[in-house]
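First the structure, in the form of structure tokens, and then the observations on it.
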Amino acid sequence: MPDTLLDVRNLIAYYMTPTAPVRAVDNVSFNVTEKEILGIAGESGCGKSTLAYSILRLLKPPGYIRGGEVLFKGSDLLKIEEEELRRIRWKHISYIPQSSMNALNPVMRIEEQIGDAIINHEKISKGELRKRIEDLLVSVGLSPSVAHMYPHELSGGMRQRVVIAMAMALDPELIIADEPTTALDVVVQRGILQLLRDIRSKLKASVIMITHDMAAQAQIVDRLAIMYAGKIVEIGDANDLFNDPLHPYSRALISAIPSISEKKKLKGVPGFPPDLRSPPPGCRFYPRCPHRIPGKCNVDEPRLIEVKNDRLVACHLYR
Amino acid sequence: MENENLIEVNHLTKVFASRGVMSKGQIKAVDDVSFSMPQEKPTILTLAGESGSGKTTIARLILGFIKPTSGKILYQGRDIWKMTKDEWVRYRKEVQAVFQDPYGAFNPLHKVDRVLTIPIRKFKLANSEEEATDLISEALGVVGLKTDEVLGKYPHQLSGGQRQRIMLARAFLLKPKLIVADEPVSMIDASLRASILNVMLDLKSKFSISFLYITHDLSTARYVSDNIIVMYLGSIMEMGPVDKVLVKPLHPYVKLLIDSVPVPDPERRWKNRIELPRIEITSQSLQTRGCKFYPRCSQRMEKCSKERPDLANVEEDRWVACHLYQ
Ligand SMILES: Nc1ncnc2c1ncn2[C@@H]1O[C@H](COP(=O)(O)OP(=O)(O)O)[C@@H](O)[C@H]1O
Ligand SMILES: [Mg+2]
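Protein chains in written order, with the numbering used here: chain A, 43 to 361; chain B, 6 to 331.
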């Protein structure tokens, strides 16, 4: 059995609003083992980014964590001192926020931005630092001369690679990447996905890849979790899950992906996701589900349980 | 000429002055582009390409939002910049547009009904209040919406998919011959996207509406369109039936693009690796001679850096701009 690196248990994170809280992450549990790429998929607004902030305790008001545990190598990140947390962030767990390639400081050269991340955590000589930065740029397929450039001189794809280099700078054990390929051209997307796989082999690190893009997930993840309206509805081995999705939402999501290589009739899912301030009782997919059982699914909330080897599903059809 | 095309674009060129830090001067956003869409039967033509390839500029030129630097756009044989006032009014009715962000098309302070009532009034589509209501419910029905789920609501109360369908309903009200749809599903989630693509297919088959479908997403292009044009830095690289171009591409650039589209199946992962440029020049006014794809092409020949290849007819209905096929 591979060792568990991160163990998220019953995590609940809400946003305060004048009416009712937005139940963005509602009792989410999963784990990440060493050297694994775990995908988190689901449509916009289902809570993926909120989950990422919460794991790193970066959730800002009106967001707040209501409960749960985030065990990283056994210690609960939600309980430790701020000081220790800061030490763990970057050095042990690094984070590539959504749209971060557009958040690079426009008036700082690339070498200063990568350098800052390193010297905040390590004592290192100037010469060594320069060498480290160059190596990092080369490892994401960029020319060392990019170090002297400013963000505006780089294309979106190059900036995204700089952001990945920064996340790799301190040799972390876990990298959380939120929509790392969104808004990039397809050839660049492919290059970025390739890089995320390299991270696992080069750094021997684990990766949590968050993206709504199911085809991108299919290309690189080992295991996949599917979120719907603040909850994980299914999690399991990627091959297996794409071959035989069990939850009706996973099935719908997978059959709604158009493919360039074959023309098959696509079916949309009727309706749309619920308002997370007042999600429906029972299963949150109930109003849209083609297999719903009235009197059961809209009353009892299905729990995420193992229905076959290494596959957990939250659905009353599998009882 | 008896058999006029619905739309014909001839040697269309648009040059913008660039204010870039790196490149002072001019950018040819659209560079000598020609294509047409037939009148006899409705078709969906995809205009595909990466960001900056000139897709949206072509859409804006066709819609008459901006004037070409050179070249012409003919609608049923008439140059759109030489139309009489009446012809122009008819053109604005028969050629409709749908954009990427359906939210931007709504006024957040008004109920969504307004985007449907305004065109009815402006183009005098109804003689009475009842007739207007009937038109609206017909249009909503065609795009798969129920009147009571959307009417009377504010834009923020609807999902992106519903808002985009209202925009299609609005276009439908005007009984257009062509809808220019610029990335209409790229901000819409997967489970709702399929329904919108299906609405486009319905509008084509049941109501004979043609589409110019602009997208960077080749998978949805395969799903909805009949023909495809793949652009690169303002020029057409390849053009032909979607089932041929996307299945057996000829141009090295189109091959690279198609190879990079992720297949949604973990059992069909990429086997080989690709190299991204170690450093790239972000301006596009550089390669003035020769093929625009020369710097990135894996099959380039000496000739390619010197002579720009013409878009040549290589098979019955296929065109490619590459020296390998000339
Ligand atoms: N600051 C906020 N205040 C209130 N609600 C928020 C805030 N940020 C996000 N949300 C809501 O939380 C839910 C989850 O959002 P998010 O985590 O960004 O989802 P995803 O990353 O999957 O798109 C959504 O319903 C979103 O509208
Ligand atoms: Mg997000």
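Where is the CB? At the ideal position from N, CA and C, for every residue including glycine.
Note that the structure is predicted; figures quoted are calculated from it, not measured.
How far does the alpha helix (DSSP H) with residue i in it reach, from first residue to last?
i, result
"W132/A", "124 to 133"
"Q101/B", "Per DSSP, Q101/B belongs to no alpha helix (DSSP H); it is in the beta strand (DSSP E), 100 to 103."
"D240/A", "228 to 245"
"D187/B", "Run containing D187/B: none in the alpha helix (DSSP H); it sits in the beta strand (DSSP E), 183 to 187."
"F114/A", "Careful: F114/A lies outside any alpha helix (DSSP H), inside the beta strand (DSSP E) at 105 to 114."
"N132/B", "Where N132/B is concerned, there is no enclosing alpha helix (DSSP H), given that its DSSP letter is neither H nor E."
"G198/A", "198 to 210"
"Y95/A", "90 to 97"
"R168/B", "165 to 178"
"A317/B", "Where A317/B is concerned, there is no enclosing alpha helix (DSSP H), although the beta strand (DSSP E) it sits in stretches over 317 to 320."
Does residue i come out as helix, strand or coil in the three-state DSSP assignment?
i, result
"F212/B", "helix"
"T61/A", "coil"
"V325/B", "strand"
"T287/B", "Note that T287/B has pLDDT 49, beneath the 50 cutoff, so the model's placement of it is unreliable and the number below is only indicative. Here T287/B sits in coil by DSSP."
"D68/A", "strand"
"H16/B", "strand"
"Q31/B", "strand"
"R83/B", "strand"
"T220/B", "strand"
"E280/B", "coil"
"S181/A", "helix"
"Y299/B", "helix"
"R405/A", "In the structure displayed, chain A extends from 43 to 361; residue 405/A sits before or after that span and is not available."
"I193/B", "coil"
"A260/A", "helix"
"F111/B", "coil"
"T253/A", "coil"
"G169/A", "helix"
"K306/A", "coil"
"L47/A", "strand"
"D139/B", "helix"
"F284/A", "helix"
Once the 5 residues before and after residue i are set aside, which same chain residues still bring their CB inside 8 Å of it?
i, result
"L120/A", "R99, I107, G110, E111, V112"
"V188/A", "I152, L179, L196, M200, V204"
"C88/A", "M269, Y270, A271, G272, P315"
"G183/A", "R203, G233, L237"
Between residue i and the rest of its own chain, which residues show a CB-CB distance below 6 Å, the 5 nearest in sequence each way excluded?
i, result
"V148/B", "R170, L173, A174, V204"
"A102/B", "L68, V185"
"K33/B", "V20, G239"
"C302/B", "P257"
"P344/A", "C325, A356, C357, H358"
"W86/B", "none"
Which residues mark the beginning and the end of the beta strand (DSSP E) in which residue i is found?
i, result
"I335/A", "Taken as a continuous stretch (DSSP letters only), I335/A belongs to no beta strand (DSSP E), as it is neither H nor E."
"E348/A", "347 to 350"
"D220/A", "216 to 220"
"T51/B", "49 to 53"
"I274/A", "273 to 279"
"L266/A", "265 to 270"
Tell me whether residue i is buried or exposed, calling it buried when 16 or more other Cβ atoms sit within 10 Å of its Cβ.
i, result
"Q304/B", "exposed"
"A145/A", "exposed"
"I71/B", "exposed"
"W324/B", "buried"
"P148/A", "exposed"
"P113/B", "exposed"
"P332/A", "exposed"
"S213/B", "exposed"
"A62/A", "exposed"
"P60/A", "exposed"
Quick one: residues in its chain with C-beta nearer than 7 Å to the C-beta of residue i, no 5 flanking neighbours on either side, listed in chain order?
i, result
"L206/B", "V229"
"R330/A", "V311, P312, G313"
"E176/A", "P186, A189"
"I335/A", "H358"
| task | Determine, using beta-carbon pairs with one atom in the region 128 to 142 of chain A and one in the region 210 to 226 of chain A, whether at least three such pairs fall under 8 Å. | result | yes
| message | Does the contact criterion of 3 or more C-beta pairs under 8 Å hold for the region 41 to 53 of chain B versus the region 212 to 223 of chain B? | response | yes
| Are three or more beta carbon pairs between the region 258 to 266 of chain B and the region 223 to 240 of chain B nearer than 8 Å? | yes
| query | Hey, is the region 63 to 72 of chain A in contact with the region 84 to 99 of chain A, meaning 3+ C-beta pairs nearer than 8 Å? | reply | yes
| Got a sec: which bits of the region 218 to 231 of chain B sit with their beta carbon under 9 Å from any beta carbon on chain E, in order along the chain? | Here chain E cannot be found, since the structure's protein chains are A and B.
| said: Using a Cβ distance threshold of 8 Å, determine whether the region 78 to 86 of chain A contacts the region 255 to 270 of chain A, with at least three qualifying pairs required. | reply: yes
| message | Count Cβ pairs between the region 187 to 198 of chain B and the region 129 to 146 of chain B that sit closer than 8 Å; are there 3 or more? | response | no
| Is it true that the region 104 to 119 of chain B meets the region 38 to 50 of chain B, where meeting means three or more beta-carbon pairs spaced less than 8 Å apart? | no
| request: Count the CB pairs spanning the region 248 to 265 of chain A and the region 278 to 291 of chain A that are closer than 8 Å, and state whether there are at least three. | output: yes
| query | Is the region 273 to 287 of chain B close to the region 307 to 317 of chain B, with three or more CB pairs under 8 Å? | reply | no
| task | Could you say if the region 284 to 298 of chain A and the region 250 to 258 of chain B meet the contact criterion of at least three C-beta pairs nearer than 8 Å? | result | no
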